[in-house]
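To start, the structure under review is shown below, and the notes come after it.
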Amino acid sequence: MTEPDVARVAHLIADPARAAMLMLLTDGRARPAGELAYAATVTPQTASSHLGKLLAGGMLAVETEGRHRYYRLAGAHVAVALEQLAAIVPLAPARRKPLGREAQALQFARCCYDHLAGSVGVAIAQALLARGYLAAGPGKQFEVTPEGAAWFAGMGLDMTSIKPTARGLARACLDWTERRHHLAGPLGVQFTALLCEKGWLRRHRNSRAVQVTPQGWTGLRETLDIAPGLGLDTPGSQPLSPSP
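Residue 158 in full-length UniProt numbering sits at position 158 of the sequence shown, and the numbers go up by one each step.
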């Protein structure tokens, strides 16, 4: 039996520049080498070398449009691995620097490859569980209850068209900033896309961060009793939770 070459993958991620490029790509978007070089604070030549190694290691895919090449993660499985590694970082070090504006925005709401994460994502998952729309399933799966199927359909999702993967229809994904689970899997992907289509969420063009619009706060309050609460004028300043 051949063992997987975990050491090779770990070596690729261990380089700070490559790690920065990979984390930037966990929003699921494709980006040019120049943008990745800037994020990693390396020269274009150094970035090209790093990208070549990540491609050879199966962590990235590349698309060519005319004279330009755009890099993206090789798949959701790479994003999941990166998020899980990020969750290993100690939650509360003895001395902790205040979060910058960008870090606060990412903690508040962000894309975890193709689904919603951060305080908002966790609050939504908690609310769905509390209302009995989701239930804890085997492993790290969520099961959609009959009441939940009806609720999602009422929100505008065609549940019959969402195909489960080998890991199920809905998956509990550990959030690396909140240390609790948000909704992933095909249902999480489609639900995030629906909230964007409704105008409840707005993705930042050059960041993983996601903004909840005024219309979104109204909708979340009316459907799941989730409100921003006091102290959340600055995204990420404190965790969200469903309103009592």
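Quick reminder that beta carbons are idealized off the backbone N, C-alpha and C, glycines included. All of these numbers come straight from a predicted model, not from anything done at the bench.
Practice problem: Count the CB pairs spanning the stretch 162 to 179 and the stretch 115 to 129 that are closer than 8 angstroms, and state whether there are at least three. | Solution: yes
Quiz item: With which residues is Gly168 paired in a DSSP beta bridge?
Solution: As a working note, residue 168 is residue 168 in the sequence shown. Beta-bridge pairing links Gly168 to Thr165.
Exercise. Using the DSSP secondary-structure output, state which residues sit across from Cys173 in a beta bridge.
Key: If you number the sequence shown from 1, residue 173 lands on position 173. DSSP output for Cys173 lists His182 as bridge partner(s).
Practice problem: Tell me whether Ala9 sits in a helix, a strand or coil according to DSSP, three-state version. | Solution: Translated into positions along the sequence shown, residue 9 becomes position 9. Position check: residue 9 holds Val in this sequence, whereas Ala was assumed. Residue state, collapsed to three classes: helix.
Practice problem: Identify, in the order they occur along the chain, each residue of the same chain with its Cβ nearer than 7 angstroms to the Cβ of Ser48, setting aside the five sequence neighbours on each side. | Solution: In the sequence shown, counting from the first residue as 1, residue 48 sits at position 48. Hits under 7 angstroms: Ala33.
Exercise. State the DSSP-derived secondary structure class of Ala76, mapped to helix, strand or coil.
Key: Taking the sequence shown and counting its residues from 1, the one referred to as residue 76 is at position 76. In this structure, Ala76 counts as helix in the three-state DSSP scheme.
Quiz item: Does the Cβ of Glu83 have 16 or more other Cβ atoms within 10 Å, making it buried, or fewer, making it exposed?
Solution: Indexing the sequence shown from 1 puts residue 83 at position 83. Buried, by the Cβ-count rule.
Self-check item: Exposed unless 16 or more other CB atoms sit within 10 angstroms - verdict on Ile226
Solution: Here residue 226 refers to the residue found at position 226 when the sequence shown is read from its first residue. So Ile226 ends up on the buried side.
Quiz item: Per DSSP, Thr64 forms a beta bridge with which residues?
Solution: The residue you call residue 64 lines up with position 64 of the sequence shown. According to DSSP, which records beta bridges pairwise, Thr64 is partnered with Arg69.
Quiz prompt | 8 angstroms Cβ shell around Lys165 - same chain, five flanking residues per side excluded | solution = Against the sequence shown, residue 165 aligns to sequence position 165. Per the sequence presented here, residue 165 reads as Thr, with Lys not at that position. Same-chain partners within the cutoff: Gly185, Pro186.
Quiz prompt | Whether Arg18 touches Leu55 by CB criterion (8 angstroms) | solution = Sequence index remark: in the sequence shown, residue 18 carries index 18 (1-based). Sequence index remark: in the sequence shown, residue 55 carries index 55 (1-based). In this structure, Leu55 does not lie closer than 8 angstroms to Arg18 by Cβ.
Quiz item: Can you list, in chain order, the residues of its chain whose CB lies under 6 angstroms from that of Arg180, leaving out five sequence neighbours each side?
Solution: Counting from 1 along the sequence shown, the entry for residue 180 is found at position 180. Closer than 6 angstroms at Cβ, skipping near neighbours: Val122.
Quiz item: Who are Arg202's beta bridge partners in DSSP?
Solution: Locating residue 202 in the sequence shown gives position 202, counting from the first residue. Answer by DSSP bridge pairing, in chain order: Gln211.
Self-check item: Spatial distance of Tyr71 from Ala81 (CA atoms)
Solution: Within the sequence shown, the letter at position 71 stands for residue 71. Within the sequence shown, the letter at position 81 stands for residue 81. Their backbone Cα atoms lie some 18 angstroms apart in a straight line.
Quiz item: Which residue from Leu51, Gly66, Val6, Gly28 puts its Cα closest to that of Pro16?
Solution: Position 16 of the sequence shown, counting from 1, holds the residue named residue 16. Closest by alpha carbon: Leu51.
Quiz prompt | Alpha-carbon to alpha-carbon, Val144 and Phe152 | solution = Counting from 1 along the sequence shown, the entry for residue 152 is found at position 152. Counting from 1 along the sequence shown, the entry for residue 144 is found at position 144. About 9 angstroms.
Quiz item: Nearest to Glu147 by CA position, among Met159, Gln141, Arg29, is which residue?
Solution: By one-based count along the sequence shown, residue 147 stands at place 147. Considering only alpha carbons, the answer is Met159.
Quiz item: Taking Ile13 as the reference, which of Val212, Leu73, Arg67, Glu35 has the closest Cα?
Solution: Mapped onto the sequence shown, residue 13 falls at position 13. For Ile13, the nearest C-alpha among the options comes from Leu73.
Quiz item: So what does DSSP say about Val144, is it helix, strand or coil?
Solution: Residue mapping note: residue 144 aligns to position 144 of the sequence shown, counting from 1. Strand, per DSSP.
Exercise. Taking Ala47 as part of the beta strand (DSSP E), name the residues at either end of that continuous run.
Key: In the sequence shown, the residue the question calls residue 47 occupies position 47. Per DSSP, Ala47 belongs to no beta strand (DSSP E); it is in the alpha helix (DSSP H), 44 to 56.
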